[in-house]
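Going letter by letter, the sequence shown gives residues 1 to 420 in the UniProt record's numbering.
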Amino acid sequence: MKIETILLHYGYKPDENKSQAIPIYQTSSYRFDSIHDAYDLFNLNKQGYIYTRINNPTVQILENRLTAMHNAKSALVVSSGQAAIAYSILNLASSKDNVVSSKYLYGGTYNLFKYTLKKFDIEVRFAQTNDPLDFSKLIDDKTKAIYIESIGNPTNRIADFKKLSLLAHDNNIPLIVDNTVSPIVFNPFDFGADLVVYSLTKFITGNGTSIGGAIIEKGGFKWDNPRFKDEFSFDESYHGLSYNERFKDAGIFTTKARLQLLRDIGACISPFNAFLILLGLETLSLRIERHCENALKVASFLSNHPAVSWVNHLSLKNHPDYNLANEYFKKGFGSIIGFGVVGGFEKAKALVENLNLIIHLANIGDARSLIIHPASTTHSQLSKEELNEAQIGEDFLRLSVGIEHVDDIIEDLTQALEKI
């Protein structure tokens with residue numbers, strides 16, 4: 001089944017009511033057939049539903065569809081992209097452990113890694129560049145993962161995924177890739193990733209209505225290797241359960257995250273949000289195609305405008321990762337554009353405030369075109385030194401190109417540029 005068909009049909013069979021639309025199971029809990037039935041469910045002797053914090057029929061359809069979309073083993077859908085990222089680390093790292101990460105990250109991820117995980121005594125080490133050698137220098141016997149974004153938000157920096165995957169696997173650790181900005185056009189599993197995380201809020205939903213996140217597991221990673229000791233082999237809360245043994249034919253990582261982290265921390269998605277995200281999935285392949293087509297034209301327009309000082313998009317030959325992008329992103333370069341205007345911050349501010357069609361808000365991947373000034377918003381908690389390290393200057397504007405007619409997007413940019 002092709003991906004466009006998967007997004008519309010996979011994982012749902014109409015129930016006795018013959019509903020074509022996926023039902024919203026808006027319930028907190030589920031009836032048990034008997035004491036024995038309840039016992040078996042709670043003790044993992046059978047599959048089923050206990051409590052929506054752990055699983056839900058509507059949410060499960062979304063998980064199944066995301067799994068099939070990536071040709072993967074399993075998926076876990078949670079309340080937000082931030083929850084997905086946090087769970088992807090907390091599920092494999094404990095006190096005194098570390099993760100080696102790219103420095104080209106979404107601001108919320110950077111804050112999680114730099115400050116919040118520190119409170120769990122988990123260190124995140126940031127590589128100076130995306131060169132695998134810089135990652136290699138930071139790996140030691142307490143390293144539990146390598147973490148990167150498929151296309152850095154908002155800098156559009158990418159890595160050599162194959163080489164990073166080899167580095168990770170040579171050290172018996174997984175490669176985790178945040179693929180939020182490039183669903184459909186890029187599948188990290190094709191190039192050696194072991195786990196993929198998403199903010200489903202962005203391109204996958206595509207309409208700004210719902211918050212959600214996902215962890216998707218390729219399957220096949222050896223979680224029983226010495227690097228992880230008893231992390232996946234002994235769960236005291238389930239009387240010594242070994243995920244490696246009990247769930248070797250399922251998704252070991254996502255099952256553990258569901259049974260431990262959703263159970264204990266509870267960042268579960270609402271069934272209604274899962275339903276809205278499923279609606280977004282149905283048109284994802286069409287929208288991504290338009291997003292990418294429009295971004296190519298807008299990037300070209302901006303790069304040739306005299307009031308624009310620089311443009312950052314993987315389609316442009318002057319981008320430092322242009323050659324890598326052409327190797328890995330055969331279906332499109334995404335629709336996030338970074339650019340600056342002549343005159344710096346004050347002119348950038350004036351541009352944003354003179355736009356009529358393009359919306360000023362903190363999101364990406366909406367069907368509508370969006371713009372924001374990262375240094376004063378999404379990355380405002382970074383110091384000046386950290387902003388410079390992340391290549392986010394005071395003049396940096398992030399444009400998420402939507403699916404409007406491209407002429408209207410360019411017309412709005414043109415009139416705003418003329419006013420500054």
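All C-beta atoms, glycine included, are put in the ideal place defined by N, C-alpha and C.
Each of N304, I151 and I35 was checked against the Cα of Y106, and the nearest Cα belongs to I151.
Rounded to whole angstroms, the gap between the alpha carbons of P226 and D178 is 26 Å.
Straight-line measurement puts the Cα of V100 at about 14 Å from the Cα of H169. Distance from the CA atom of L7 to the CA atom of G332, rounded to whole angstroms, is 19 Å.
Straight across, the Cα-Cα distance linking L117 with T414 is about 43 Å. Under the 8 Å Cβ criterion, the stretch 275 to 283 does not count as touching the stretch 386 to 395, having fewer than three qualifying pairs. Annotated as distal: A299 and I359, with beta-carbon spacing of 7 Å or more.
Counting only runs of 3+ residues, the beta strand (DSSP E) found wholly inside the stretch 189 to 250 occupies 195 to 199 and 213 to 217, in chain order. The continuous beta strand (DSSP E) containing R125 extends over residues E123 to F126. Comparing alpha carbon positions, the residue from L417, T378, H405 and D412 closest to N111 is T378. Counting the other Cβ atoms within 10 Å of the Cβ of E418 gives fewer than 16, which makes it exposed. If you compare the alpha carbons of N207, H239 and N187 with that of E217, the shortest gap goes to N187. Distance check between D407 and each of S335, K297 and E353 places K297 closest, using alpha-carbon atoms only. Taken through DSSP and simplified to helix, strand or coil, A348 comes out as helix. Around the beta carbon of K13, fewer than 16 other beta carbons lie within 10 angstroms, which makes this residue exposed.
At the C-beta level, N55 and Y49 come within 7 Å of one another. Ranked by how close their Cα comes to the Cα of F253, the residues R290, I139, V197 and R31 have V197 in first place. For V401, the secondary structure class from DSSP, reduced to helix, strand or coil, is coil. Within the stretch 81 to 139, the complete beta strand (DSSP E) segments at least 3 residues long are 98 to 101 and 123 to 126, listed from N- to C-terminus. For I372, the enclosing beta strand (DSSP E) starts and ends at L370 to I372. Residue burial is scored here from C-beta neighbours: L241 has at least 16 other C-beta atoms within 10 angstroms and is therefore classed as buried.
Taking 7 Å as the cut-off, the Cβ atoms of G206 and K73 do not count as close. Here H36 carries a helix assignment [DSSP, helix/strand/coil]. In this structure, the beta-carbon distance from S88 to I215 falls below 7 Å. Under the DSSP assignment, K144 falls outside any alpha helix (DSSP H), being part of the beta strand (DSSP E) whose first and last residues are T143 to E149.
By the Cβ-count criterion, M1 is exposed, with fewer than 16 other Cβ atoms from all chains shown falling within 10 Å of its own Cβ. Scanning its chain for C-beta atoms nearer than 7 Å, with the 5 sequence neighbours on each side dropped, one finds around Q26 the residues P271 and F272, in chain order. For I54, the secondary structure class from DSSP, reduced to helix, strand or coil, is coil. Here N153 is not bridged, per DSSP, to any residue. Per DSSP, the continuous alpha helix (DSSP H) segment holding A416 begins and ends at V406 to E418.
In the three-state reduction of the DSSP assignment, A299 falls in the helix class.
With 16 or more other Cβ atoms from the protein chains shown falling within 10 Å of its own Cβ, A86 counts as buried.
Each residue's CA atom was taken as its position, placing D140 and F32 some 48 Å apart. Residues H373 of the same chain have their beta carbon placed closer than 8 Å to that of K349, with the five preceding and five following residues left out of the count. About 14 Å separates the CB atoms of I146 and I122; that is not less than 8 Å, and the two are not in contact. Residues N187, F189, V196 and I216 of the same chain have their beta carbon placed closer than 7 Å to that of H70, with the five preceding and five following residues left out of the count.
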